[in-house]
Amino acid sequence: MEELRNNLLYSPKNGYTGLSDQQKADMNDYCKRYTAFLDACKTEREATTWAVETAEANGFQAMVPGKAIKPGDKVYLNNRGKSIMLAVIGSESLANGANICAAHVDSPRMDIKPNPLYEDSEIAYLKTHYYGGIKKYQWATIALALHGVVYRKDGSVITVSIGEEESDPVLYVSDLLPHLAADQMQKTAAKAIEAEQMNVIMGSEPLTGEGADMVKLHIMKLLNEKYGMIEEDFLSAELTMVPAGKCREVGLDRSLLGAYGHDDRVCAYAEIEPLLTMGTPKHTAVCILADKEEIGSVGVSGMLSHAFEYFMEMLCDAQGVKLSHCFANSFCLSADVTNAFDPNFPEVSDRRNNAKVNYGVAIMKYTGSRGKGGSSDAAAEAMGHVRTTLDNAGVIWQIGTLGKVDQGGGGTVAAYMANRNIVTVDAGVPVVSMHAPMEVVSKLDCYMTMLACKAIYEA
Ligand code: MN
Ligand code: MN
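This is the structure:
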């Protein structure tokens, strides 16, 4: 019976079962490099800047129309500083397709409104508009940092970062004290803190002088001294509030990582690291770090943008290959996070099909909601390709689905890749408390996701 059971039944195991000491050391080294990336990149812009610099240091060159390419060449397209696509040219023609990994580098946050600065009761605030799906109450009473760029009247662009250095001040959204929260506590969680209450405290010391705006004026004076900004410059700025601070190890055994924005920089890093030092692959390996996934993949830097066709067409033109022919033979791993089973909230998951922490990279046949709505729903053949590829490469992986049917749902860029006639499968790191200011992932799952991307590139 034991033999029959072993032969016939599927029994997923914790990834630490059989993880060698060498693999464990490699995993820890990998996670240190990932942590450094996370700490340096909290916005899609910062991730793109980092990727351009790191790619160039590893021999990548900007792809331009008409540029000749040969196997082993490393090229990239910086999409307006907000997203990036990179490729290592394969030994086979692009007519035989590319192996693509697609992740996103934007994360939920609070964007600053175009006309944000005001003073109320001698406190200066910035008004915000949240970006992506958040539980608003989680973003009050935590340390926040201001990141972004300001396009000044004279055409110069300045980069802003306040709240990340030890010596920096941090910023803050207030909540009500429990003593006076009798009415608030009767509200639903969705309404406890409302969007128009997510106003960020910028300061409280008035300048000496006459007027009802002396605190606001003080803040503007400080911004002017540091960045040469005037209030009107907010109109052409892209500023955002993100949780301040660095990624931390979580748990006495240090097996987990807690940070803002694992979704989806944990997959973005898993994709780009193996590409940077890759030799000549059989099929051209393509890595996408997209923007705007959290608001529907729209816009010029989102995955629905024609920028991807522009990049791939330049590569195909260089080989005299039709883009549509290349797409038809390509494969894409849509590398995005999924939910990790949380024993504190077992009621939202189907245990048999939910990804678990430390069980490896999660492969998802479909995402979507209410009857797979909005999902690309990979075919058995595509799932089989991933299964065989990962098994042959010794990658620890598991199956994931985003919670119980009809409990909710979500999407990734998978459907937009599949719509291009590219066979696509979702895969990524299971996350605890996804979209919270501090999300948690397991080191083992991070490492296995990198190995999965590497295996897909080399397939
Ligand atoms: Mn995501
Ligand atoms: Mn997300």
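Residue numbers (my numbering): 7 to 465.
No residue lacks a Cβ here, since even glycine has one placed at the ideal position from N, Cα and C.
If you're wondering where the values come from, they're calculated on a predicted model, not measured in any experiment.
Check residue i in the structure and name its three-state DSSP category.
i, result
"T430", "strand"
"P352", "helix"
"Y22", "coil"
"E98", "coil"
"R254", "strand"
"K110", "A small fix is needed here, since residue 110 is His in this sequence, not Lys. Looking at H110 - three-state DSSP - the assignment turns out to be strand."
"T290", "strand"
"K73", "coil"
"E237", "helix"
"L14", "helix"
"A486", "It is not possible to answer for residue 486, since the shown part of the chain is limited to 7 through 465."
"I129", "strand"
"L329", "helix"
"M370", "strand"
"Y365", "coil"
"P120", "strand"
"I301", "helix"
"L213", "coil"
"A321", "In the sequence as displayed, the identity of residue 321 is Leu instead of Ala. Looking at L321 - three-state DSSP - the assignment turns out to be helix."
"E9", "helix"
Tell me, please, which residues DSSP counts as bridged to residue i.
i, result
"R358", "Answer is none; R358 lacks a bridge partner."
"P249", "L150"
"S375", "G379 and G415"
"R115", "Y137"
"Q144", "According to DSSP, which records beta bridges pairwise, Q144 is partnered with nothing at all."
"A243", "V156"
"S340", "A108 and D432"
"V437", "N345"
"I90", "N84 and L295"
"A68", "Y82"
"I405", "I369"
"Y316", "None; Y316 has no bridge partner."
"L177", "L150"
Kindly indicate the opening and closing residues of the alpha helix (DSSP H) around residue i.
i, result
"K449", "K449 to E464"
"R271", "H268 to L282"
"I199", "Here I199 belongs to no alpha helix (DSSP H), and DSSP marks it neither H nor E."
"M389", "A386 to N398"
"V221", "M220 to Y233"
"M33", "D27 to A46"
"A421", "A420 to A424"
Using the Cα positions of residue i and residue j, report the straight-line distance between them to the nearest angstrom.
i, j, result
"G434", "E128", "47 Å"
"A442", "T344", "14 Å"
"L228", "G374", "46 Å"
"K19", "E8", "17 Å"
"I278", "H224", "43 Å"
"A188", "Q144", "19 Å"
"L396", "P175", "46 Å"
"L177", "H268", "22 Å"
"L14", "A385", "23 Å"
"C459", "L339", "8 Å"
"E211", "D219", "11 Å"
"E50", "S303", "13 Å"
"R115", "A324", "40 Å"
"C322", "I294", "17 Å"
"T283", "M226", "46 Å"
"Y365", "D451", "7 Å"
"G354", "V411", "In the sequence on display, residue 354 carries Val and not Gly. Distance between the alpha carbons of V354 and V411 is about 9 Å."
"T194", "K142", "12 Å"
"N350", "K197", "23 Å"
Which residues bound the beta strand (DSSP E) around residue i?
i, result
"N335", "Taken as a continuous stretch (DSSP letters only), N335 belongs to no beta strand (DSSP E), as it is neither H nor E."
"D164", "What sits at residue 164 in the sequence shown is Ile, not Asp. Residues V163 to I168."
"Q190", "Element bounds for Q190: n/a, residue is neither H nor E."
"L262", "L262 to A265"
"V58", "Here V58 belongs to no beta strand (DSSP E); instead the alpha helix (DSSP H) covers E50 to A63."
"M208", "V206 to G209"
Mind checking whether the beta-carbon of residue i lies closer than 7 Å to any heavy atom of ligand 4?
i, result
"E300", "No copy of ligand 4 occurs in the structure displayed; its ligands are ligand 1 and ligand 2 alone."
Legend entry - ligand 1 site residues, beta-carbon cut 5 Å against heavy atoms: Answer in sequence order: D269, D270 and D342.
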